[in-house]
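Heads up: the sequence shown begins at 400 in my numbering, then just goes up one per residue.
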Amino acid sequence: MGGAKNLARSPLSREEMIAVVTQGKGGMPGFRAALSPDEIGQVVEHVRSLHVDH
Ligand code: HEM
């Protein structure tokens, strides 16, 4: 998937995910122009709800 990560297995904290989605990182674009801070928080909560351990 073009270098994108399996987010269900990401070890990042909520705060680190918010930073990645806001600012972007490596090959990933930032979403601060497209999403409000509240919307980014909601997307990160959704991603975290998909998390599996192992
Ligand atoms: C709103 C939609 C998106 C969300 C919530 C999201 C979330 C994330 C998160 C949390 C990470 C860090 C994962 C980790 O290090 O464990 C990540 C990494 C990454 N994402 Fe996204 N992403 C989104 C859209 C995209 C898009 C559209 C692209 C490609 C065009 C993309 C490409 C990448 C890449 C390449 C990385 C690895 C960056 C690096 O480690 O240098 N993502 N994403």
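Idealized CB from N, CA, C, for every residue including glycine.
A straight line joining the alpha-carbon of Arg408 with that of Val446 spans about 10 Å. Going by beta carbons, Leu449 and Val442 fall outside the 8 Å limit. Around ligand 1, the residues whose beta-carbon falls short of 5 Å from at least one of its heavy atoms are Gly402, Ala403, Lys404, Ser409, Leu411, Met416, Val419, Val420, Lys424, Gly425, Gly426, Met427 and Val442, given in chain order.
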